[in-house]
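2 protein chains.
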Amino acid sequence: MLDYCMFSMKEITGLELSPKKVEYLKLLFRKGGVVRTTDISSSLKVDPSTTTKTISDLASIGLVDYTPYRGAELTEAGRKYAEFLVNRHNILTLMLSHYGLSSEETCEEVSRFESFVSRSAIDKICCSMGHPSVGGCGRIDHAFCDVS
Amino acid sequence: MLDYCMFSMKEITGLELSPKKVEYLKLLFRKGGVVRTTDISSSLKVDPSTTTKTISDLASIGLVDYTPYRGAELTEAGRKYAEFLVNRHNILTLMLSHYGLSSEETCEEVSRFESFVSRSAIDKICCSMGHPSVGGCGRIDHAFCDVS
DNA sequence: TGTTAAATTTGGGGTATATGCAAATTATTT
DNA sequence: AAATAATTTGCATATACCCCAAATTTAACA
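Each protein sequence line maps, in turn, to chains U and H.
According to this note's numbering, the first sequence is numbered sequentially starting from 109.
According to this note's numbering, the second sequence is numbered sequentially starting from 109.
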């Protein structure tokens, strides 16, 4: 259990986490509070043992507080990181929705590639769209936009 | 050496190849004709042995004609697939360039995530932009747009 | 409270992607 | 033909996923 985190929001590139870890973080953010292994594994449709391993990884880098047999919860750093991830998803979804894709399509596409879009790109896209408060899949916060 | 290909352009989703294999195919397309292992490995900054392995993989699925110690060349199917890959890159680059990113940034971002954007999304984006003939990184062909 | 049932973790194993090094091989050049 | 350059093969590593079976822990309940 770490009380520090290898990521300080100021130096986030947005490219630190693998696609699956991004999914886990967004899920923990959506659920809020302590989330049980089974809950996660059934949401993500993976074996519980896979969840245990991934959550342990996230805990080892300080994004998650994990108590074995109890559950997992975002740390403060994890929550901030997850906020960025959700914003990124929503901004990209909003952007793509301007090109004739349906809502489901848009979300599906973005879910596939979002992990590879940098924070600085997101900042610029967000700025260029006038800092919209509602994205394709939910509200957008602007606490993490560099370019305001 | 296969004269058939597991991909028929009509059923292409755009998600068949890993990011690195996409790079190889786009490179072979740009270079044209028979390309030597060293040429590829120096362009992509990987060890020649890595290139040999990847090219062999591409040959095994019928996208590349490969003669050991001689070089690699796209098959007809490979050329068509690579055309799609280049178009996808150019369309996505053009799209992103509308959001305040510089040319280099745009190309860099797209290169990171393009492998995860489906052909059907590209078709729609392309259609929505009015089938532009020039993208962010080069010309765009429309032979592969479903929605014309 | 002890026993069972459910949830969870551990350990092992597997696939896919991607990489490099060293040694062996093939091609080219002289 | 011998030397050199290019290339391949075999081996090894690393990351990111994944699942299964066995062991463990927690929770329930009788």
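The beta carbon of each residue, even a glycine, is placed where N, CA and C say it ideally should be.
Pull up the DSSP beta-bridge partners for residue i, would you.
{"i": "LEU182(H)", "result": "VAL172(H)"}
{"i": "VAL242(U)", "result": "ARG247(U)"}
{"i": "VAL143(H)", "result": "ALA180(H)"}
Just checking my contact of residue i with residue j at CB under 8 Å: how many whole Å lie between their CB atoms?
{"i": "SER223(H)", "j": "VAL130(H)", "result": "5 Å"}
{"i": "THR183(U)", "j": "LEU171(U)", "result": "6 Å"}
{"i": "TYR207(H)", "j": "LYS232(U)", "result": "6 Å"}
{"i": "LEU133(H)", "j": "LEU125(H)", "result": "7 Å"}
{"i": "MET234(U)", "j": "ILE199(U)", "result": "Note that residue 234(U) is Cys in the sequence shown here, rather than Met. Right, their Cβ atoms sit about 5 Å apart."}
Within its chain, find whatever has a CB closer than 8 Å to the CB of residue i; leave out the 5 residues flanking it on each side and keep chain order.
{"i": "ALA251(H)", "result": "GLU191"}
{"i": "LEU166(H)", "result": "LYS129, TYR132, LEU133, VAL172, TYR174, ALA180, GLY186"}
{"i": "SER164(U)", "result": "TYR174"}
{"i": "ARG196(H)", "result": "GLY122, GLU222, VAL225, ARG227, ILE230"}
{"i": "MET117(H)", "result": "ALA185, LYS188, TYR189, PHE192, PHE252"}
Spatial neighbours of residue i within its chain, please: C-beta separation below 7 Å, excluding the five flanking residues on both sides.
{"i": "SER226(U)", "result": "THR121, GLY122, LEU123"}
{"i": "THR146(U)", "result": "PRO156"}
{"i": "THR201(H)", "result": "THR214, CYS215, VAL218, GLY243, GLY244, CYS245"}
{"i": "PRO127(U)", "result": "SER223"}
{"i": "ARG144(U)", "result": "GLY179"}
{"i": "SER151(U)", "result": "LEU135"}
{"i": "TYR177(H)", "result": "none"}
{"i": "ARG138(H)", "result": "none"}
Do residue i and residue j have their C-beta atoms within less than 8 Å of each other?
{"i": "ILE169(H)", "j": "THR159(H)", "result": "no"}
{"i": "SER211(U)", "j": "GLY244(U)", "result": "yes"}
{"i": "ILE230(U)", "j": "PRO240(U)", "result": "no"}
Shorter than 7 Å, the distance from the beta carbon of residue i to the closest heavy atom of the ligand SAH, or not?
{"i": "LYS161(H)", "result": "In terms of ligand content, the structure shown is empty, and the ligand SAH therefore cannot be addressed."}
Which same chain residues, not among the five before or five after residue i, have their C-beta less than 6 Å away from its C-beta?
{"i": "VAL142(U)", "result": "GLY179, GLU181"}
{"i": "ASP111(U)", "result": "Annotation note: pLDDT 45 at ASP111(U) (below 50); position unreliable, no value reported."}
{"i": "LEU209(U)", "result": "none"}
{"i": "THR162(H)", "result": "TYR132"}
{"i": "LYS140(U)", "result": "First, the amino acid is wrong: residue 140(U) is Gly here, not Lys. Nothing meets the Cβ criterion."}
Could you list the residues in the stretch 118-130 of chain U with a C-beta less than 9 Å from some C-beta on chain H, going in chain order? So the list reads LEU123, PRO127, given in the order they occur along the chain.
Residues of the stretch 228-254 of chain U with a CB closer than 8 Å to any CB of chain H: list them in chain order, please. Sequence-ordered contacts of the stretch 228-254 of chain U with chain H read SER228, ALA229, LYS232, ILE233, CYS235, SER236, MET237 [C-beta pairs closer than 8 Å].
Counting only Cβ-Cβ distances shorter than 9 Å, please list the residues of the stretch 160-184 of chain H near chain U, keeping chain order. Cβ contacts with chain U: none found.
When Cβ atoms are compared, which residues of the stretch 205-219 of chain U fall closer than 8 Å to chain H? If the cut-off is 8 Å between Cβ atoms, the stretch 205-219 of chain U has HIS206, TYR207, GLY208, LEU209, GLU213, GLU217 near chain H.
Taking Cβ-Cβ distances below 9 Å as the criterion, which residues of the stretch 138-155 of chain U are in contact with chain H? So nothing in the stretch comes that close.
Residues in the stretch 186-204 of chain U having any Cβ partner in chain H nearer than 8 Å: Cβ contacts with chain H: MET203, LEU204.
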